[in-house]
Amino acid sequence: MLNVLDIIKEFINHREEVIIRRSLFDLEKAQKRLHLVYGLHLAVNAIDEVVHIIRQSKDPAEAEDKLCQMQLVDVDQLVEEIKKNSDPVEIIQKVTSKILWELQEIQGLFKSKGETPELQARLDGFGIAEIGKLQDFVRICMNPNAARSECKKCASSFVNKLLQTIRSQPSTPKMRKQLTKLFMLDATQAKEILNMRLSRLTALQIDALVKEQQELESLIKDLEDILDHKDRRMKIIKQETASLKDTYGDDRRTEITLDEEEMKIDKEDLVKEENVVIMLTQNHYIKRIPLSEYQAQKRGGKGKRGIKVKDEDFVQDMFVCSSHDTILFFTPSGRVYADVAYNIPEMSRQAHGKSIVNYLQLESEEEISNLIPVNDFEAKLYLMMVSKLGQIKKCPLRLFHNIRKTGMMAIKLRERDELVDVRLTDGENNILIATKGGYAIKFEETDVRPMGRSAIGVRGIRLREEDEVNGLIIAGEDAAFTTITKFGYGKRSMFENYRWTRRGGKGVLNMKFYEDGDEVVAVRGGGDTEEVLIATKNGLVLRTSNEEVRMVSRVAKGVKVVRLDDGDEVVAVASALPEDIIESEEENEEPSADDKECKLDLDDDSNNPA
């Protein structure tokens, strides 16, 4: 942000730059015009006195007599030059060349004003060749009247020869070239002279030409002074600013008010809202990816790389949300932190992510166990939390609206207990708690009363030996949910197939396992049109529709949902809502066998299937 002083400095610097550029432009323009005016002035400068005599004469005859009496050549100076030079013809050529242009214009004036063939007849028949001998030249110099007459005759003969040469030229460019050669002018000046009309030879026009030349010379001098002196530029800025004030200095017709709320620009207003996938690894690396990066596949596919994990790291949690949602970060110890989704760095599917400690002020050795996206804290919603040992707690969402950067307590836990899962609910749904050992309990949400942030909660399920809670579902009676195991098996089940029990019971069997060592990783709700994203320990992600997972009975083993490599296992499952499904560019094409089941090399970032 700029203060008033900075704004004034910026204005002055800008105006100074404008003045410099404007002065340079005007200077260049004036120099070009002066160049042309100088050429015109050079062409007509010697005939001012002749034009004056013509304009003061009553008729052509009187003008002719006055011109004959006019001393065009200084005879005394001519005699002195003759004495110094042994070539009289060369001297005569120099003298006559000076009045060449003058006599040419005079001849045109006589023809235009009075058509005086007598003067033309008197000037015809004489040439520079008649003055060939030294004694004749000396005679001319000793007689002033004879000198004037002979000079006029010689010049007239040269003019006639020049006019004859010009008339014989086939084009204007060649005439311009000839004129440039004779009078030592450049091409621009010669062109301007050829375009000049006879009306420019009047006394008024000649004076105007001289005046324009003087004004241009003065302007050029002034512009150069402006460019050389900073104080003059500052003075011009002051004068122009005062002129603006005098011209537009009337009272304002509108009122300028300072409204901090209206002037405040939130970062959220500048960030595009889109659906994104948030991924968190076991080593607390987090990143954001546009949901459109993942194309839906058939059941049994191997998926596309969702993250490139490092050694001994794997995907821990993943979900879909809006880029403008607030993310609540829950730790196993029961604390909660908050940040906006767009603050999480957006990266490619192959990127590993950045450490979450760069964004959250976690306590020493503290980890993140759950992430919950929230769109509106003012809505009448609740956070339903369940611990590893079966404790459950319902807390109003509004209590988590203003979370300080250092976080705050979300639930109080007993010794050796941890926060496992957190879900949003409206307070009127059904609750299903699932365990790793394949059991589940269903009861009404109203069985759990709302509590404060410091409460420890109540018992949700009584666990069997070596079993622990790993999931929580909030859904209606007519809904279905998906169960995914560590070895890639999955199934769909209806809520109505699970009997009602009271909160705190042991539950019923949810799933049988094909292999020893298998366990339930996650349970996720959602309709047939919704999708699930399944992440593996090695960093692969499969996006598939719920309808691709077979609907079976409560105690069935399920089907193979994702094929795993040796040593790989499912570590996280996320739901994608219907409005999050984005058509890919290749949706209208018939997928090949390689497209339906593709595996990406973990060491290759080029996305080429192995």
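Each number in my numbering corresponds to the 1-based position in the sequence shown with 13 added.
Even glycine gets a Cβ: it sits at the ideal position worked out from N, Cα and C.
No experiment lies behind these values; they were computed from the predicted model shown.
The Cβ atoms of Gly571 and Tyr511 lie no closer than 8 Å to each other. In this model, Thr495 and Tyr372 are separated by some 33 Å (Cα to Cα). Straight through space, the alpha carbons of Arg246 and Ile239 are spaced by roughly 6 Å. Asp263 is not bridged by DSSP to any residue. Of all alpha-carbon atoms in Met331, Leu18, Ile21 and Glu29, the one lying nearest the alpha-carbon of Lys243 is that of Glu29.
Annotation for Arg46: Leu229 place their beta carbon closer than 6 Å to its own, counting only its chain and skipping 5 residues before and after. Runs of beta strand (DSSP E) with 3 or more residues, each lying fully within the stretch 465-496, are found at 482-488, listed in chain order. In this model, Asp282 and Asn388 are separated by some 15 Å (Cα to Cα).
Taking the CA atoms as reference points, Gly538 sits about 58 Å from Asp19.
Here Val521 carries a strand assignment [DSSP, helix/strand/coil]. About 6 Å separates the beta carbons of Ile446 and Leu485, which is inside the 8 Å limit, making them a contact pair. Taking Asp439 as the centre and dropping the five residues before and after it, the same chain places the C-beta of Lys393, Leu394 and Tyr395 closer than 8 Å to its C-beta, in chain order. In this structure, the straight-line span from the alpha carbon of Gly552 to that of Val562 is close to 21 Å.
Here Pro303 is near Val289, since their CB atoms are less than 8 Å apart. Straight-line measurement puts the Cα of Val583 at about 23 Å from the Cα of Gly403. In the displayed model, Asp430 falls within coil according to three-state DSSP, outside both helix and strand.
Of the candidates Arg411, Lys401 and Val353, Val353 places its Cα closest to the Cα of Leu384.
By the neighbour-count criterion, in which 16 or more other beta carbons inside 10 Å mark a residue as buried, Phe343 falls on the buried side.
The stretch 257-270 makes no contact with the stretch 329-336: fewer than 3 CB pairs, one atom from each, lie closer than 8 Å.
Annotation for Ser400: the continuous beta strand (DSSP E) segment containing it runs Tyr395 to Ser400. Proximity to Lys519 across Leu546, Gln227, Leu476 and Lys573 peaks at Leu476, based on C-alpha coordinates.
When the alpha-carbon of Gly451 is set against those of Val435, Val534, His414 and Glu376, the nearest one is in Val534. The Cβ-Cβ distance between Met397 and Ile487 falls below 8 Å. At a Cβ-Cβ threshold of 8 Å, Asp531 and Lys499 count as neighbours. By alpha-carbon distance to Gly580, the top candidate from Lys550, Ile497 and Arg301 is Lys550.
Leu232 sits in a helix when the DSSP states are folded into three classes. As a beta-bridge residue in DSSP terms, Lys504 pairs with Thr496. Per the C-alpha coordinates, the member of Glu225, Gln227, Ile233 and Ile249 positioned closest to His27 is Ile249. Per DSSP, the continuous beta strand (DSSP E) segment holding Thr557 begins and ends at Leu553 to Ser558. By the Cβ neighbour-count rule, Ser368 is exposed, with fewer than 16 other Cβ atoms within 10 Å of its own.
Secondary structure at Glu286: coil, using DSSP grouped into helix, strand and coil. DSSP, reduced to helix, strand and coil, places Ala587 within a strand of the structure shown. At a Cβ-Cβ threshold of 8 Å, Ser506 and Glu543 do not count as neighbours. Residues of the same chain with a CB within less than 8 Å of the CB of Gly489, apart from the 5 flanking positions on each side, are Asn442, Asn443 and Phe508 in chain order. DSSP places Lys455 inside the beta strand (DSSP E), whose first and last residues are Tyr452 to Glu457.
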